[in-house]
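Enquirer: Following this message is one structure expressed as structure tokens.
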Amino acid sequence: MNYTMVKTESGYRIFQDRIPLLDGMQLRFLYDVQHHQVFDTNSLFAYFGSLEPFEQLTALGLITLRPHRVPSRGEKVLIQWKGTLFYAIQASVFRPEVTEKGICLLRDVKRSDTFSACMEDMDQKIAERLLGQRIEHD
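Numbered according to my numbering, the sequence shown spans residues 843 to 980.
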């Protein structure tokens, strides 16, 4: 596989053999999962406005989900993936893991000249989403 990272008008994009594959927030999510920084389902919304970008990562085979515990009675269903239900009141019910394909993507993209700038930009976007306001830099 040949992955390339490009800065576009709408942010960073990851291309696979010249076909758009991921956006920057999905890349940041993969990177954070690889570094064990994503602990619960609530944190998904720090990266994404909806579950679609997250579901795309699983559909592409870049991450897998593992149940972390048996859900308590009355917990709300959040995701059903390959027959496993993931719930979200106590949000520590799942464990995302980067697949070999995801690890290869990250390894290839980390070699890009724009990787560090992309990570900084994504960190700022995550902080803004969590704080609910724009962060100004001096």
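The C-beta atom is built at its ideal place from N, Cα and C for all residues, glycine as well. All figures in this text were calculated on a predicted structure; none of them were measured in a lab.
#1: Using DSSP bridges, identify the partner residues of threonine 906.
#2: Using 10 angstroms around the beta-carbon of isoleucine 905, count the other beta-carbons present and answer buried if the total reaches 16, otherwise exposed.
#3: Express the C-alpha separation of glutamate 970 and alanine 888 in angstroms, rounding to a whole number.
#4: Closer than 6 Å by C-beta to leucine 947: which residues in its own chain qualify, once you throw out the five before and the five after it? Chain order, please.
#5: What are the complete alpha helix (DSSP H) segments, minimum 4 residues, inside the stretch 848 to 898?
#6: Taking the alpha-carbon positions, what's the aspartate 965 to serine 954 distance?
#7: Using C-beta distances below 8 Å, list every residue in its chain close to leucine 973, excluding the 5 sequence neighbours before and after it, in chain order.
#8: Can you name the start and end residues of the alpha helix (DSSP H) that arginine 971 belongs to?
#9: Could you compute how far the alpha carbon of methionine 867 sits from the alpha carbon of arginine 915?
#10: What's the call for glycine 903, buried or exposed, on a 16-neighbour Cβ count within 10 Å?
#11: Would aspartate 859 be called buried (16 or more neighbouring beta carbons within 10 Å of its own) or exposed?
#12: Name, in chain order, the residues that DSSP records as bridge partners for threonine 900.
#13: Pull up the distance between the alpha-carbon of tyrosine 854 and that of cysteine 960, whole angstroms please.
Expert: In brief:
#1: Beta-bridge partners of threonine 906 (DSSP): Glu939.
#2: It is buried - the Cβ of isoleucine 905 has at least 16 other Cβ atoms within 10 Å.
#3: Using only the alpha carbons, I get a separation of about 9 Å.
#4: Contacts found: Tyr845.
#5: DSSP assignment within the stretch 848 to 898 yields the following whole alpha helix (DSSP H) runs of 4 residues or more, N-terminal first: 866 to 876 and 886 to 889.
#6: Across the structure, aspartate 965 and serine 954 are spaced so that their CA atoms are roughly 18 Å apart.
#7: There are no such residues.
#8: Per DSSP, arginine 971 belongs to the alpha helix (DSSP H) from 957 to 973.
#9: Spanning the two alpha carbons is a distance of roughly 33 Å.
#10: Classified as exposed, glycine 903 has fewer than 16 neighbouring CB atoms from the shown chains inside 10 Å of its CB.
#11: Flag for aspartate 859 reads exposed.
#12: Partner(s): none; threonine 900 has no beta bridge.
#13: Each residue's alpha carbon lies about 7 Å from the other.
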